[in-house]
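Encoded as C-alpha cells, the structure appears first; notes follow it.
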Ligand SMILES: [Zn+2]
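In the numbering used here, the protein residues as written are 40 to 164.
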C-alpha cells in the first residue's frame, strides 16, 4: 500500500501517548490520497473507539469525491501489531489497518486473511 509520508508528519504533530490517535485513509485501490483524523471517544492510551456520526461524515465526504475508505490508521503505545480488540474490528472493517508506535513511529500495515492478521507491504510516497 502506498501512503504519503505526510501522514506520519501530521501524526507526529497531532498525536500523543495520552490517547490512541485514529484516522480514516481514503484513496483508490492500493494508494492513499487523503485522510480524516477522527476523535477517539474513549480517550484511552490503549484503545480507540470512533464516533459513528463522524465516521459517516468522513466516508460520505470522501465518497462524494470518488474516493474509497482504503485503510484505517491508529497509534499504539508499543509495537505496531493488531491488538485482540483490533482483530475484532478488522473483521467488521476489512480494509488495511496501519498502526504506528507512538514512541518510535515504527509503522506496519495489516489485512485480515483467514481470520489472522497478515502483513501488508508499505511504501511511503
Ligand atoms: Zn490497536
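Glycine included, C-beta positions come from ideal geometry on N, C-alpha and C.
From a predicted model like this one, the values you see are computed outputs, not experimental measurements.
Own chain, CB closer than 7 Å to residue 113, minus 5 neighbours either side, in chain order: Within the same chain, residue 113 has close Cβ partners 59, 60, 61, 87 and 138.
Opening and closing residue of the alpha helix (DSSP H) in which residue 103 lies: Here the alpha helix (DSSP H) through residue 103 covers 91-103.
For residue 110 and residue 132, the rounded distance between their alpha carbons: The straight-line gap from Cα to Cα measures roughly 9 Å.
Local Cβ density within 10 Å of residue 135, reported as buried at 16 or more and exposed below that: Burial call: buried.
Residues near ligand 1, criterion Cβ-heavy atom distance below 5 Å: In chain order, the qualifying residues are 122 and 125.
Residue 94 Cβ short of 6 Å to ligand 3 heavy atom set: Ligand 3 is not among the ligands present in this structure, which contains only ligand 1.
Neighbour-count burial assignment, residue 85, 16 or more Cβ in a 10 Å radius: An exposed status is given to residue 85, since fewer than 16 other beta-carbon atoms sit within 10 Å of its beta-carbon.
Residues near residue 119 by beta carbon distance below 7 Å, same chain, minus five either side: Excluding sequence neighbours, residue 119 sits near 138, 139, 140, 145, 146 and 147.
Residue 110 - containing beta strand (DSSP E), residue span: Start and end: 107-115.
Residues that DSSP places opposite residue 140 in a beta bridge: DSSP output for residue 140 lists 115 as bridge partner(s).
Residue 51 in three-state terms, based on DSSP: Shown here, residue 51 sits in a helix according to DSSP, grouped into three states.
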